[in-house]
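Working notes, beginning with the structure itself.
Residue numbers (the working numbering): 100 to 251.
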């Protein structure tokens, strides 16, 4: 059973408050008044101006330099906004979406880097992608070296 605490205060008397808490409450009240004043001044300054969206406030975007690269999966020429490097594969939008969704693509080949060209100077004729390289064949060891290993 829960015990009820009886209030020893009389019916009209205010409860006693710690002086430390009174000081904190006074400081918070001062801050609140200051914030209200700042808010009123900002509202007064912007009252006559129409609402502008954040996009309208931003400066126009700079034209990005696009680089040509060959997709590591489908070997099509694609444009990317970064300078491709030879040690990492580059994918076109479709192949990148397949890889991101978990679909299996073709095996990764060494990417080919093409020099950058502005968008307006792109030609319609492209070189075909290089043929995939065949893996190196293993050579048979001589029988003499095999016999030497067996004797050890």
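Even for Gly, the Cβ is constructed at its ideal location relative to N, Cα and C.
Taking residue 178 as part of the beta strand (DSSP E), name the residues at either end of that continuous run.
-> 176-179
What residues match up with residue 167 in a beta bridge as DSSP calls it?
-> 178
Buried or exposed (CB count within 10 angstroms, at least 16 for buried), residue 190 = buried
Using the Cα positions of residue 215 and residue 169, report the straight-line distance between them to the nearest angstrom.
-> 12 angstroms
With respect to the alpha helix (DSSP H) encompassing residue 200, which residues constitute its N-terminal and C-terminal limits?
-> 192-200
Span separating the alpha-carbon of residue 199 from that of residue 193 = 10 angstroms
Kindly indicate which three-state DSSP category residue 143 falls into: helix, strand or coil?
-> helix
Assuming residue 171 and residue 188 form a contact by the criterion Cβ under 8 angstroms, report the distance between their Cβ atoms to the nearest whole angstrom.
-> 4 angstroms
Take the Cβ of residue 114 as the centre, count every other Cβ of all protein chains shown within 10 Å, and call the residue buried at 16 or more, exposed below.
-> exposed
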